[in-house]
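Each remark here refers to the structure printed beneath this line.
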Amino acid sequence: MSIKDNINKIRENVWEIPGTYNKKMRATGRLYIDDEGFENLEEGAIDQIANVACLPGIQKFSIGLPDIHFGYGFPIGGVAAFSPNNGIISPGGVGFDINCGVRMIRTNLTQEDIQDKMDELLDALFKNIPSGVGSKGKITLKENEINDVLDYGAKWAVENGYGWQEDLTFLEENGCIEDADSTKVSDKAKKRGIPQLGSLGSGNHFIEIQKVTDIYDEEIAKVFGIKEGMITIMIHTGSRGCGHQVCSDYLRKMDRAYKKYKIDIPDRQLACAPYDSDEAQDYLKAMYAAANYAWANRQMITHWVRESFENVLSKDAKDMNMGVIYDVAHNIVKEETHEIKGNNSDLIVHRKGATRAFGPGRNEIPEEYRDVGQPVLIPGTMGTASYVLHGTDIAMEETFGSTAHGAGRLLSRTQAKKDYSSEEIEKDLESKGIKIKATSKNVIAEEASGAYKDIDGVVKTSDTTGIAKIVAKVVPIAVTKG
Amino acid sequence: MKKIKQPFKFFDVTADIGFIAFGNTINESFENAGLAMFNVISDTTNIAKNKEFDFFIESEDEVSLLYDFLEELLFLHEIEFMLFSDFKVKISKNDNNFRLDAKIKGEEINWDIHERGSEIKAITYHLMNVSVNEGFYEVKGIFDL
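Protein chains in written order, with my numbering: chain A, 4 to 485; chain B, 49 to 193.
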């Protein structure tokens with residue numbers, strides 16, 4: 004008998020993992036995935052949803068999203084919310100790349116406008132934005148300035164000449180969580196953060212020049228300022244070594260804390276501490292600081308993207324209407340208010356490989372978009388489409404306002420390199436009209452789109468279950484990879 | 049005396065990469081774990097040994113010692129902009145504490161010469177283990193990429 008036999012289908016593409024699955028569960032599990040995805044899903048990921056449901060103070064459901072896969076402790080593509088009264092905070096529920104996220108920039112350009120300059124644009128992006136393993140950012144911070152980056156995030160960046168004041172309006176949290184505290188970030192994390200500020204990194208991180216090919220909801224697309232044929236730019240990166248170190252530091256502290264507070268956890272990597280403990284509060288403030296670093300990072304990259312377009316096309320970025328559509332965090336803990344059994348309750352929402360998808364009316368959404376729900380940006384992989392969706396009331400009711408964050412890896416890097424060669428991939432991309440520039444041939448083979456789950460399927464499941472609805476599809480025309 | 053057949057090998061993890069490093073002594077197994085790490089980041093056969101760093105670490109058990117050792121290597125790689133290819137480790141135990149003294153050598157990164165591998169984000173605790181198998185030391189771990 005498979006463990007999947009214990010799981011009940013509630014409605015199309017929605018499944019319930021009942022409390023009988025694991026006796027220690029304090030909530031049921033919820034899984035948003037299509038039949039095929041369910042069939043192929045690793046049992047380890049289902050166990051992880053159930054394990055998270057065993058943590059103290061969990062509210063409503065432990066949730067798996069359409070792109071769920073096995074992670075360390077917590078699954079990737081998961082959401083869990085805890086009560087501040089008897090609940091916990093866990094660094095494993097965020098992961099190493101704190102505030103890894105996606106930003107999208109619009110333009111008033113069409114493919115025709117840039118067709119002859121594509122090579123130059125790609126070269127300029129590649130040159131102006133440091134990327135790849137062991138890459139240094141190109142700026143030098145003043146003594147202690149890293150603390151301002153950590154405390155003020157994208158606000159620091161704008162004040163220092165990176166981008167426009169109005170950009171801040173269109174970033175989740177306006178690019179700065181005020182409760183961040185740089186004194187809770189170790190010297191080690193700061194030292195890793197200083198040289199890497201303003202760099203893309205490696206792996207699945209990218210900058211893409213894209214084209215809007217399909218609009219699924221004309222009205223909402225108009226509100227987001229997107230239309231068919233428009234050139235857009237997408238940036239996918241996070242908090243670099245700074246965030247990785249904050250996670251490592253606090254995983255180590257939590258490994259002692261859960262024993263100290265006698266928290267019974269089914270897997271050591273779910274190490275956590277009670278919400279009001281010093282350990283949890285220190286992590287929260289350090290994690291917010293790393294999140295701010297990531298927003299500063301994406302803000303600086305935005306500035307250099309605009310500069311690159313300005314230099315190549317000899318036009319002002321404002322004249323090209325290069326405003327920020329939105330910026331989402333997909334690895335983060337947030338303190339949010341949600342309705343539980345008819346009452347508004349303060350909760351600690353962990354999103355690991357999950358995108359916030361707040362529905363219409365929420366104050367956190369910029370006024371310009373508030374009536375239709377927030378933009379949700381779901382990046383594809385090298386050579387595949389990415390999507391813009393909008394948050395919904397169903398997400399507010401069922402998933403603490405959350406949906407998927409991407410495609411999710413299917414093949415290991417070694418397998419990808421066995422199955423694909425960089426030459427083949429470059430040829431294939433070329434035949435689709437996509438230009439690519441990467442720091443190494445290895446990364447091209449490792450990041451082959453065939454090594455990832457099908458993004459179209461992930462987004463479709465989000466749409467059919469209603470936890471975020473599709474607004475627009477964009478396809479890449481040029482990609483830079485670290 | 050039998051000798052280890054290989055310094056380390058990798059195993060597949062969907063999103064990341066795992067390693068098992070071998071040694072005739074615990075010291076050697078840790079040294080080979082360092083070697084495995086820099087063969088993920090680059091190719092150690094092409095990294096000169098012209099710059100030396102010394103450090104020590106104290107931890108509560110051997111697994112934590114391994115974690116802290118690899119984390120320190122990652123830290124030095126990132127902030128000193130270095131690649132390492134030579135690792136000398138001496139592990140000792142006093143009372144309930146383990147101490148590791150390391151002397152490592154390498155070369156400053158020059159991506160025109162050095163092969164670009166993968167960026168390691170962090171060391172994970174997943175499956176991390178230090179054991180003795182048929183007289184050989186084996187250390188195991190996963191790098192988050």
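For each residue, glycine too, the CB sits at the ideal point set by N, CA and C.
Quick one: what's got a C-beta closer than 6 Å to residue i's C-beta in the same chain, skipping five residues either side?
i: S311(A); result: A127, L128 and N131
i: I142(A); result: G201
i: D102(B); result: K151
Between which two residues does the alpha helix (DSSP H) containing residue i stretch?
i: E313(A); result: D281 to L316
i: M385(A); result: Per DSSP, M385(A) belongs to no alpha helix (DSSP H) and is neither H nor E.
i: S434(A); result: S425 to S434
i: R33(A); result: Segment T31 to Y35 is the beta strand (DSSP E) holding R33(A); no alpha helix (DSSP H) there.
i: G156(A); result: E148 to E162
i: N43(A); result: D38 to N43
i: R255(A); result: R243 to K263
i: L174(A); result: No alpha helix (DSSP H) contains L174(A), which DSSP labels as neither H nor E.
i: A448(A); result: K444 to E449
i: Q168(A); result: Run containing Q168(A): none; DSSP gives neither H nor E here.
i: I132(A); result: No alpha helix (DSSP H) holds I132(A); DSSP gives it neither H nor E.
i: L83(B); result: I74 to I89
Candidates the options: which alpha carbon is nearest residue i's?
i: V391(A); options: E181(A), C179(A), D119(A) and D466(A); result: D466(A)
i: I161(B); options: S133(B), S77(B), H174(B) and N94(B); result: N94(B)
i: Y2(A); options: T110(A), D100(A), E39(A) and L316(A); result: In this structure chain A extends from 4 to 485, so residue 2(A) is not present and cannot be described.
i: H306(A); options: R365(A), G166(A) and K12(A); result: G166(A)
i: K138(B); options: D64(B), N80(B), M85(B) and E128(B); result: N80(B)
i: G206(A); options: A299(A), A448(A), K456(A) and K476(A); result: A448(A)
i: P55(B); options: E186(B), H125(B) and K153(B); result: E186(B)
i: L112(A); options: Y372(A), D279(A) and I229(A); result: I229(A)
i: K484(A); options: K187(A), H239(A) and D190(A); result: H239(A)
i: T73(B); options: I52(B), S90(B), I89(B) and F59(B); result: I52(B)
i: F58(B); options: E76(B), F78(B), V88(B) and N75(B); result: V88(B)
i: R14(A); options: V482(A), G469(A) and I473(A); result: G469(A)
Between which two residues does the beta strand (DSSP E) carrying residue i extend?
i: I108(A); result: G104 to T113
i: A410(A); result: Segment: none, A410(A) is in no beta strand (DSSP E) and carries neither H nor E.
i: G460(A); result: No beta strand (DSSP E) contains G460(A), which is instead part of the alpha helix (DSSP H) from I458 to T468.
i: A48(A); result: It is not in any beta strand (DSSP E) - A48(A) instead sits in the alpha helix (DSSP H) that spans E46 to V55.
i: L131(B); result: M130 to N142
i: T240(A); result: M233 to T240
i: F403(A); result: Neither: F403(A) is in no beta strand (DSSP E) and is coded neither H nor E.
For residue i, which residues in chain B fall below 7 Å Cβ to Cβ?
i: V105(A); result: Simply none; closest approach about 18 Å.
i: H247(A); result: K169 and A170
i: S443(A); result: R164
i: D100(A); result: K169
i: M205(A); result: Reading off the sequence shown, one finds Ser at residue 205(A), where the question assumed Met. Here the neighbours are S166 and E167.
Determine the chain B residues that contact residue i at a beta-carbon separation under 8 Å, and present them in chain order.
i: P479(A); result: Correct list: empty, because the minimum Cβ distance to chain B is about 22 Å.
i: S189(A); result: Simply none; closest approach about 11 Å.
i: S251(A); result: E119, A170 and I171
i: P94(A); result: Per Cβ cutoff of 8 Å: no residues; P94(A) is ~11 Å from chain B at best.
Which residues in chain A sit within 7 Å of residue i, going by Cβ to Cβ distance?
i: A63(B); result: R412
i: T172(B); result: Y75
i: D160(B); result: The premise fails here: D160(B) is roughly 12 Å from chain A at the closest Cβ pair, so nothing lies under 7 Å.
i: D60(B); result: S415, T417 and Q418
Taking 6 Å as the cut-off, does the CB of residue i come closer than this to any heavy atom belonging to the ligand NAP?
i: A81(B); result: Absence of the ligand NAP from the depicted structure is noted, as is the absence of any ligand whatsoever, leaving it without description.
Which chain B residues are close to residue i, counting only those with a beta carbon under 9 Å from its beta carbon?
i: N131(A); result: Near N131(A) there are no residues of chain B at all, since even the closest Cβ is about 17 Å away, more than 9 Å.
i: P78(A); result: Result: empty, since nearest Cβ-Cβ is about 12 Å, beyond 9 Å.
i: P198(A); result: E126, I127 and F129
In chain order, what residues of the same chain lie with their CB nearer than 8 Å to the CB of residue i, ignoring the 5 residues before and after it?
i: L83(B); result: P55, F56, A69, T92, S133 and F135
i: M85(B); result: F67, L118, L121, L122, I168 and F191
i: S348(A); result: Q62, S86, T340, H341 and E342
Excluding sequence positions up to five away, which residues of its chain have a Cβ less than 7 Å from the Cβ of residue i?
i: V375(A); result: I223, V226, P363 and H393
i: L153(A); result: A183, S185, V188, A292, N295 and Y296
i: E110(B); result: F146 and V178
Kindly list, in the order they appear in chain A, the residues whose Cβ is closer than 8 Å to that of residue i.
i: I157(B); result: G137
Residue i touches chain A at which residues, Cβ-Cβ below 9 Å?
i: F123(B); result: K191, K194, R195, G244 and Q248
In chain order, what residues of the segment 126 to 150 of chain B put their CB closer than 8 Å to some CB of chain A? E126, I127, F129 and L131
Any residues in the segment 76 to 87 of chain B with a beta carbon nearer than 7 Å to a beta carbon of chain A? Which ones, in chain order? Interface annotation for the segment 76 to 87 of chain B against chain A: empty, criterion Cβ-Cβ distance under 7 Å.
If contact means a Cβ-Cβ distance below 8 Å, which residues of the segment 256 to 271 of chain A contact chain B? D258 and R271
Taking Cβ-Cβ distances below 7 Å as the criterion, which residues of the segment 88 to 109 of chain B are in contact with chain A? I89
Near-chain B residues of the segment 55 to 69 of chain A (beta-carbon distance less than 8 Å), N- to C-terminal order: none
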